[in-house]
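The block underneath contains the structure these notes are about, expressed in structure tokens.
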Amino acid sequence: MALPKQRHTHYRRDRARKELELTPIQTKKCEQCGAAALSHRVCPTCGTYKGRVVIDTAPKQKSAAVKA
Numbered sequence: 000m001a002l003p004k005q006r007h008t009h010y011r012r013d014r015a016r017k018e019l020e021l022t023p024i025q026t027k028k029c030e031q032c033g034a035a036a037l038s039h040r041v042c043p044t045c046g047t048y049k050g051r052v053v054i055d056t057a058p059k060q061k062s063a064a065v066k067a
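Its first residue numbered 0, the sequence shown is counted upward by one per residue in numbering that gives the first Met the number 0.
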């Protein structure tokens with residue numbers, strides 16, 4: 000079985016581990032409703048993006064009686 004010829008330095012070890020670090024999710028405040036939303040995405044609360052309504056988030060009403 001192969002063995003390393005030289006020991007890796009603390010700096011090299013720590014730099015390799017730094018690549019595995021998780022970064023927190025960056026959120027922004029929605030311009031319309033003030034809720035937290037991901038950057039460059041539609042606000043899930045009000046459905047706006049850059050001040051325009053992109054998706055309708057109003058609750059959908061069920062249709063009349065369903066025929067059986």
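Glycine is no exception: its CB is placed at the ideal position from the N, C-alpha and C atoms.
In chain order, 44 and 45 place their CB closer than 6 Å to the CB of residue 32, counting only its own chain and leaving out the 5 sequence neighbours on each side. Between residue 49 and residue 30, the alpha-carbon positions lie close to 8 Å from each other. When the Cα atoms are used, residue 55 and residue 20 turn out to be separated by approximately 37 Å.
Annotation for residue 15: the continuous alpha helix (DSSP H) segment containing it runs 9-17. Per the C-alpha coordinates, the member of 7, 13, 38 and 1 positioned closest to residue 26 is 38.
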